[in-house]
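Read the structure below first, then the notes.
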Amino acid sequence: MRRCFRTLRAWHDRGARRRRPVRSALATYDRDRVRALFTDAGPGPLGEGASKAILAACGIALPQGGRAADAAGAAELAERIAGPVAIKIDSPDIPHKTEAGGVMLGVTGPEAAAEAFQRVLTRCRAAAPGARITGITVEEMIPPGVEVIIGIRDQEGFGPTVTVGLGGVFTELLRDTRTALAPVDISEALAMLRGLRGARVFNGFRGAPPIDLVAVAGVVATLSQLAADSGGRLAEFEVNPLICLPDRAVAVDGMAVLAPPPAGKSAPARGGLRP
450 MRRCFRTLRA WHDRGARRRR PVRSALATYD RDRVRALFTD AGPGPLGEGA SKAILAACGI
510 ALPQGGRAAD AAGAAELAER IAGPVAIKID SPDIPHKTEA GGVMLGVTGP EAAAEAFQRV
570 LTRCRAAAPG ARITGITVEE MIPPGVEVII GIRDQEGFGP TVTVGLGGVF TELLRDTRTA
630 LAPVDISEAL AMLRGLRGAR VFNGFRGAPP IDLVAVAGVV ATLSQLAADS GGRLAEFEVN
690 PLICLPDRAV AVDGMAVLAP PPAGKSAPAR GGLRP
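All residue numbers for the sequence shown refer to my numbering, where the first residue is 450 and numbers rise by one.
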């Protein structure tokens, strides 16, 4: 009986959360743009480029750069960025890019970027012969900071949840995460972050400056609102890592998985987002 009451209470709390707007400047994301992206992408996993397009529509900071279709395009992007760049495969079928040889970091100069393009492409074609490859991203290297993981998951019959945890070396070492029903507001996102066992790294650790924790909480709140608005279309979204700095939080990598519209049900709006 107690378990039944706990379940009813969770559903009540979930309904109240979904009706309540998130108190965050970031939460006023471009819903029309996200709807269009959902519709264009269709169901299934998205590549990094399509996933980051959703993040951009949500007003979340991304590294400077773009997607190259060939080695010349990679060289041009590297020259424009004028600094060390990250070269990464963009494929919905290669979620673990590093293991497939699809990532090269700290590449400097146009010629090196062109060579890295070819190397990454060759490695990934060998590791995943049937993978769809939409291009290769060339992006600026973000300065070191505190790495955070944000995960969205929509479980059938339960609804969307948001999970936060420390990334980088802390991910496997601490397995330190907090999960809540979506959406959460800024204050709730801050409480989740401060509730992590390793939260003292946010305040500066071993000489590092404190990070902008409110900016991080804003990203958490916005993604949780996106999940709540999606009508079940956003099955999963992982941002890993979100690099947290004293003045900003930058989503360096991300991958979304879209679910098909529910059979026999009309979506809340085109593409599955609530208006």
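For each residue, glycine too, the CB sits at the ideal point set by N, CA and C.
Residue nearest to Arg482 in terms of C-alpha spacing, selected from Val569, Arg568 and Lys501 | By 1-based counting over the sequence shown, the position of residue 482 is 33. Residue Lys501 is the option with its Cα nearest to Arg482.
Quick one: complete beta strand (DSSP E) runs, 3+ long, within the stretch 587-641?
-> Runs found: 595-604, 608-615 and 626-630.
Gly551 versus Val595: straight-line alpha-carbon distance, rounded | The sequence position of residue 551 within the sequence shown is 102, counting from 1. The sequence position of residue 595 within the sequence shown is 146, counting from 1. Taking the straight line from one Cα to the other gives about 23 Å.
Report the three-state DSSP secondary structure of Leu526 (helix, strand or coil).
-> Locating residue 526 in the sequence shown gives position 77, where the first residue counts as 1. Residue state, collapsed to three classes: helix.
By the 10 Å Cβ neighbour count, where 16 or more other Cβ atoms means buried, how is Arg655 classified, buried or exposed?
-> Translated into the one-based positions of the sequence shown, residue 655 becomes position 206. The Cβ neighbour count for Arg655, taken over all protein chains shown within 10 Å, is under 16; the residue is labelled exposed.
What did DSSP end up calling Pro690 once you bin it into helix, strand or coil?
-> Walking along the sequence shown from the start, residue 690 turns up at place 241. Three-state DSSP puts Pro690 in a strand.
In angstroms with no decimal places, state the Cα-to-Cα distance between Leu554 and Glu588.
-> By 1-based counting over the sequence shown, the position of residue 554 is 105. By 1-based counting over the sequence shown, the position of residue 588 is 139. Going from the Cα of Leu554 to the Cα of Glu588 covers about 10 Å.
How many whole angstroms separate the CB atoms of Arg697 and Ala664, which I take to be in contact at a CB cut-off of 8 Å?
-> Your numbering for residue 697 matches position 248 in the sequence shown. Your numbering for residue 664 matches position 215 in the sequence shown. The beta-carbon separation of Arg697 and Ala664, rounded to 6 Å, stays under the 8 Å limit for a contact.
Entirely enclosed beta strand (DSSP E) segments - the stretch 510-559, minimum 3 residues | Runs of beta strand (DSSP E) with 3 or more residues, each lying fully within the stretch 510-559, are found at 514-517, 534-539 and 552-556, listed in chain order.
Among Leu495, Met641, Gly491 and Leu570, the one whose alpha carbon lies nearest that of Thr628 | Position 179 of the sequence shown holds residue 628. Looking at Leu495, Met641, Gly491 and Leu570, the one whose alpha-carbon comes closest to that of Thr628 is Met641.
Is the Cβ-Cβ distance between Ile598 and Val699 less than 8 Å?
-> As a first step, residue 598 is located in the sequence shown; it is residue number 149 there, counting from the start. As a first step, residue 699 is located in the sequence shown; it is residue number 250 there, counting from the start. For Ile598 and Val699, no; Cβs fall outside 8 Å.
Host beta strand (DSSP E) of Leu707 (start-end) | Locating residue 707 in the sequence shown gives position 258, counting from the first residue. Unbroken beta strand (DSSP E) run through Leu707: Gly703 to Leu707.
Per DSSP, Gly508 is paired with what?
-> Locating residue 508 in the sequence shown gives position 59, where the first residue counts as 1. DSSP lists no partner for Gly508.
Would you identify the three-state DSSP class for Ser495, choosing helix, strand or coil?
-> The residue given as residue 495 occupies position 46 in the sequence shown. A quick correction: the sequence has Leu, not Ser, at residue 495. Reduced to three states, the DSSP call for Leu495 is coil.
What is the rounded straight-line gap between the Cα of Ala490 and the Cα of Pro658?
-> As a working mapping, residue 490 is identified with position 41 in the sequence shown. As a working mapping, residue 658 is identified with position 209 in the sequence shown. Going from the Cα of Ala490 to the Cα of Pro658 covers about 40 Å.
Would you give the residue range spanned by the alpha helix (DSSP H) that Val663 belongs to?
-> Residue mapping note: residue 663 aligns to position 214 of the sequence shown, counting from 1. Taken as a continuous stretch (DSSP letters only), the alpha helix (DSSP H) holding Val663 covers Leu662 to Asp678.
With distances taken from CA atoms, which of Asp539, Gly493, Val534 and Asp519 is nearest Pro512?
-> Position 63 of the sequence shown, counted from the start, is the residue given in the question as residue 512. The shortest C-alpha separation from Pro512 is found at Val534.
Buried versus exposed, by CB contacts within 10 Å (16 or more), Leu622 | To locate residue 622, count along the sequence shown from 1; it is residue 173. Exposed, by the Cβ-count rule.
Can you list, in chain order, the residues of its chain whose CB lies under 6 Å from that of Val706, leaving out five sequence neighbours each side?
-> Along the sequence shown, one-based indexing puts residue 706 at 257. Same-chain partners within the cutoff: Pro494, Ala684 and Glu685.
Quick one: Cα of Gly614 to Cα of Gly647, how far?
-> Sequence index remark: in the sequence shown, residue 614 carries index 165 (1-based). Sequence index remark: in the sequence shown, residue 647 carries index 198 (1-based). Computed Cα separation, rounded: 9 Å.
Where Pro711 falls, given that 16 or more other Cβ within 10 Å makes a residue buried = The residue you call residue 711 lines up with position 262 of the sequence shown. Burial is judged here by how many other beta carbons sit within 10 angstroms of a residue's own beta carbon; Pro711 has fewer than 16 and is exposed.
Secondary structure at Ala562, three-state DSSP: helix, strand or coil?
-> In the sequence shown, residue 562 corresponds to position 113, counting from 1. Ala562 falls in the helix class under three-state DSSP.
Could you give the residue range of the beta strand (DSSP E) that holds Ala700?
-> The sequence position of residue 700 within the sequence shown is 251, counting from 1. It spans Ala698 to Ala700 - the beta strand (DSSP E) in which Ala700 sits, taken as one unbroken run.
Tell me whether Cys453 sits in a helix, a strand or coil according to DSSP, three-state version.
-> Looking up residue 453 in the sequence shown gives position 4. Its pLDDT being 39, under 50, Cys453 is placed unreliably by the model, and nothing is read from it.
In the DSSP assignment, find the unbroken alpha helix (DSSP H) run with Arg581 in it and report its ends.
-> Position 132 of the sequence shown holds residue 581. Careful: Arg581 lies outside any alpha helix (DSSP H) and carries neither H nor E.
Can you tell me whether DSSP reads Leu683 as helix, strand or coil?
-> Stepping through the sequence shown from its first residue, residue 683 is reached at position 234. If DSSP states are grouped into helix, strand and coil, Leu683 belongs with the strands.
Is the stretch 575-594 touching the stretch 504-520, taking contact as three or more C-beta pairs under 8 Å?
-> Judged by Cβ distances under 8 Å, the stretch 575-594 makes contact with the stretch 504-520, as three or more pairs qualify.
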